[in-house]
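Please read the structure below before turning to the comments.
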Amino acid sequence: MKSIIELNINGAKYDLLVSPNNTLLEVLRDKLGLMGTKRGCDLGACGACTVLINGEAYLSCIMLAVDAVGKEITTIEGLSSGELHPLQKAFAEEGALQCGFCTPGMIMTAQAVLQEEGNITEETVKKKMAGNLCRCTGYKKIVEAVMSVPGQEGKVS
Ligand code: FES
Ligand code: FES
């Protein structure tokens, strides 16, 4: 049976009519039109649908929308206001994307990693971002982009 839930997404509150089995990804894309969060495998295996929940990276394709009630949800659209976020700039400047399909999920995971880890290394980035798959870039430039964000330069594994 459908019910109305309130979700806090990118700092705004939305009342949404959802089914108990609606995933957060379905709600973001299909009900709110937030298409930056990508639907890749829809099975929790590719990372394309990664969003932040209370600052931590979660796969929105395997999270029920009802389980996100009362939490702060951030999608790629809400990562920054106005200017590009430093990670978005870094991905563009370092050439860390080709088709771009994996990029929002990569950036959201990277943001969680940068927030969590005080002393980031390339090894940390590789390990923590291992669940985000990219079919185009070969990953090297993605790691370089994350490491190039201000505050990370010069740190190596
Ligand atoms: Fe969610 Fe692939 S679409 S992990
Ligand atoms: Fe195409 Fe990563 S840039 S899948």
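The numbering of the sequence shown is the numbering used here, which starts it at 1 and goes up by one.
Every residue, glycine too, gets a C-beta built ideally from N, C-alpha and C.
In this text, all values refer to a predicted model and were calculated from it rather than measured experimentally.
Pair every Cβ in the stretch 80-90 with every Cβ in the stretch 131-141, then say whether three or more of these pairs are closer than 8 Å.
The stretch 80-90 vs the stretch 131-141: no contact.
Using a Cβ-Cβ cutoff of less than 8 Å, which residues in the same chain neighbour I5 once the five nearest sequence positions on both sides are dropped?
Answer for I5: D15, L16, V18, A65, V66, V69, listed in chain order.
Per the contact definition of three or more C-beta pairs closer than 8 Å, is the stretch 114-126 in contact with the stretch 39-48?
Output reads no: the stretch 114-126 does not touch the stretch 39-48.
Is R135 close to ligand 1? I mean its beta-carbon at under 7 Å from any heavy atom of the ligand.
R135: no, Cβ never under 7 Å from ligand 1.
Helix or strand or just coil, what does DSSP make of S157?
Caution is warranted here: a pLDDT of 39 is assigned to S157, below 50, making its placement in the model unreliable, and the coordinate value is therefore given only provisionally. In the structure shown, S157 sits in coil (DSSP, three-state: anything other than H, G, I, E or B).
If you count every other CB in all the chains shown that lies within 10 Å of the CB of A110, and 16 or more means buried, which is it?
A110 should be labelled buried.
Tell me whether the beta-carbon of K11 lies closer than 8 Å to the beta-carbon of G131.
First, the amino acid is wrong: residue 11 is Gly here, not Lys. Not in contact: G11 and G131 (Cβ atoms no closer than 8 Å).
Near L84, which residues of its chain fall below 8 Å by C-beta distance, leaving aside the five closest residues on each side in sequence?
Excluding residues within five positions, the ones whose Cβ falls inside 8 Å are A92.
Could you pull out every residue in the same chain whose Cβ sits closer than 7 Å to the Cβ of T75, ignoring the five residues on either side in sequence?
I9, N10, L28, L34, G36, T37, V51, listed in sequence order.
If I measure Cβ to Cβ from C99 and keep anything under 8 Å in the same chain, skipping five residues before and after, which residues do I get?
Taken in chain order, the residues that qualify are R135, C136.
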